[in-house]
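The opening residue of the sequence shown carries number 1 in full-length UniProt numbering; numbering runs sequentially from there.
Heads up: the structure comes next, in structure tokens.
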Amino acid sequence: MKTRCGWVSDDPLYIEYHDTEWGVPTYDDQELFEMLCLEGAQAGLSWITVLKKRKHYRKVFDNFDAEKIAAYDEGKREELLSDAGIIRNKLKVNAFIVNAQNYLRIKEERTFSEYLWQFVGGEPIVNNWQSLKQVPVTTPESDAMAKQLKKDGFKFVGSTICYAFMQATGMVDDHTKDCFKK
Numbered sequence: 001m002k003t004r005c006g007w008v009s010d011d012p013l014y015i016e017y018h019d020t021e022w023g024v025p026t027y028d029d030q031e032l033f034e035m036l037c038l039e040g041a042q043a044g045l046s047w048i049t050v051l052k053k054r055k056h057y058r059k060v061f062d063n064f065d066a067e068k069i070a071a072y073d074e075g076k077r078e079e080l081l082s083d084a085g086i087i088r089n090k091l092k093v094n095a096f097i098v099n100a101q102n103y104l105r106i107k108e109e110r111t112f113s114e115y116l117w118q119f120v121g122g123e124p125i126v127n128n129w130q131s132l133k134q135v136p137v138t139t140p141e142s143d144a145m146a147k148q149l150k151k152d153g154f155k156f157v158g159s160t161i162c163y164a165f166m167q168a169t170g171m172v173d174d175h176t177k178d179c180f181k182k
């Protein structure tokens with residue numbers, strides 16, 4: 001049996017996510033946008049809650065096509081807020097729309113990947129934690145990312161959310177030393 005990071009439950013979806021996605025460097029703009037939105041949706045909840053809803057999020061948010069999301073009108077917002085397949089929080093749904101608008105604005109100047117990866121110097125930060133207890137919830141890099149994202153108008157992008165995003169997208173490798181992925 002493989003040893004995994006201590007946060008992974010026995011849920012097959014969680015295992016698959018840990019083994020194939022979490023901590024793998026992602027440079028694709030749309031994938032980064034999707035993960036930033038989903039990490040924001042997770043605020044105050046467990047990641048497994050969002051992970052179980054991710055397929056439906058992709059369906060109702062047009063596969064995270066930022067141009068489509070940025071143009072959502074009040075009718076679409078109301079439709080989303082009545083959809084039990086997502087987290088029906090008005091602030092979070094509105095954040096997806098605002099974030100899509102800001103994402104498109106950033107992309108007029110450079111790739112979203114360049115914009116985000118600058119906070120780790122373009123390369124993953126590889127940590128060597130002995131245990132889950134050592135893994136921080138924020139770092140100076142996530143503080144800087146959160147500050148810039150907020151300055152640029154993004155919502156649900158506090159430092160803790162940014163650090164979870166950095167871990168998820170491989171900007172930070174926080175697999176613990178006993179994990180088979182290390």
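Glycine included, every Cβ here is placed at the ideal spot set by N, Cα and C.
These numbers were taken from a predicted model, which means no experiment stands behind them.
| Asked | Found |
| --- | --- |
| For V172: DSSP bridge partner residues | I125 |
| N171 versus T20: straight-line alpha-carbon distance, rounded | Contrary to the premise, residue 171 reads as Met rather than Asn in this sequence. Whole-angstrom Cα-Cα distance: 15 Å. |
| N128 burial status per 10 Å Cβ neighbour count (16 or more: buried) | exposed |
| At least 3 beta-carbon pairs within less than 8 Å: the region 160 to 175 vs the region 107 to 127 | yes |
| S9 classed as buried or exposed, judged by whether at least 16 other C-beta atoms fall within 10 angstroms | exposed |
| Bounding residues of the alpha helix (DSSP H) (the contiguous stretch that carries D19) | 12 to 20 |
| Residue 192 and G23 closer than 8 Å at C-beta | Coverage of the chain is limited to positions 1 through 182, which leaves residue 192 absent and any answer about it impossible. |
| Candidates F180, E123, I106: closest to L149 by CA position | I106 |
| The region 94 to 108 in contact with the region 67 to 80 per 3-pair CB rule at 8 Å | yes |
| Residues near A178 in its chain [Cβ-Cβ closer than 7 Å; skip 5 each side] | The amino acid at residue 178 is misidentified as Ala; the sequence shows Asp. Result list for D178: T3, in chain order. |
| Inter-residue CB distance, V126 and I86 (contact presumed, cutoff 8 Å) | With 8 Å as the limit, V126 and I86 do not qualify as a contact, their Cβ atoms being about 34 Å apart. |
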